[in-house]
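What follows is the structure, encoded as structure tokens:
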């Protein structure tokens, strides 16, 4: 075995810093033997970050497949065609508009809680969208949203979103 000692000067650390670099024949032989092996005898494992990334991609692909081909949630699918985990809706009324679920006649009738339709007889669905955009009985509350305004347009304009929150809290409560 042979040792080599090198003196290196680092003025910002101190006048002298001696680094003892040990380069041995044994280490060189081990490295040579390791590089000549046909199989790996030590597995380092799968990094946690890579595992999380792979899992997130798998979950998103399953989510997207269900989103595209499942029969449920078609009203919301017509509003949001693609899956995004970054999308955030901050209002219960906007969420009800997007999902068409909430305390409206259509939803209450679906679960046999109440058995009647809207008095206007305009739309057979009587969902949240009906009250926000179609129903002539609630037209007096609409200032910016016109008849049959698409949900995607309502979501993209702040004035519409504010009006939805105000009208939904008035008509649905």
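In the numbering used here, the protein residues as written are 140 to 312.
Glycine is no exception: its CB is placed at the ideal position from the N, C-alpha and C atoms.
Scanning the segment 220–263 for uninterrupted alpha helix (DSSP H) segments of 4 residues or longer gives 231–238, 244–249, listed from N- to C-terminal end. With a cutoff of 9 Å on beta-carbon distance, residue 242 and residue 256 are scored as not near each other. Here DSSP, grouped into helix, strand and coil, assigns residue 218 to helix. Unbroken alpha helix (DSSP H) runs of no fewer than 4 residues, entirely contained in the segment 181–221, are found at 187–208, 213–218, following chain order.
At a Cβ-Cβ threshold of 9 Å, residue 266 and residue 239 count as neighbours. In the three-state DSSP reduction, residue 306 falls in the helix class (H, G or I).
Take the alpha-carbon of residue 247 and the one of residue 264: they are about 11 Å apart. Here DSSP, grouped into helix, strand and coil, assigns residue 166 to helix. Counting the other CB atoms within 10 Å of its CB gives residue 250 a total below 16, which places it among the exposed residues. When secondary structure is reduced to three states using DSSP, residue 283 falls in the coil class, being assigned neither helix nor strand. Linking residue 302 to residue 269 through their CA atoms gives a straight-line distance of about 14 Å.
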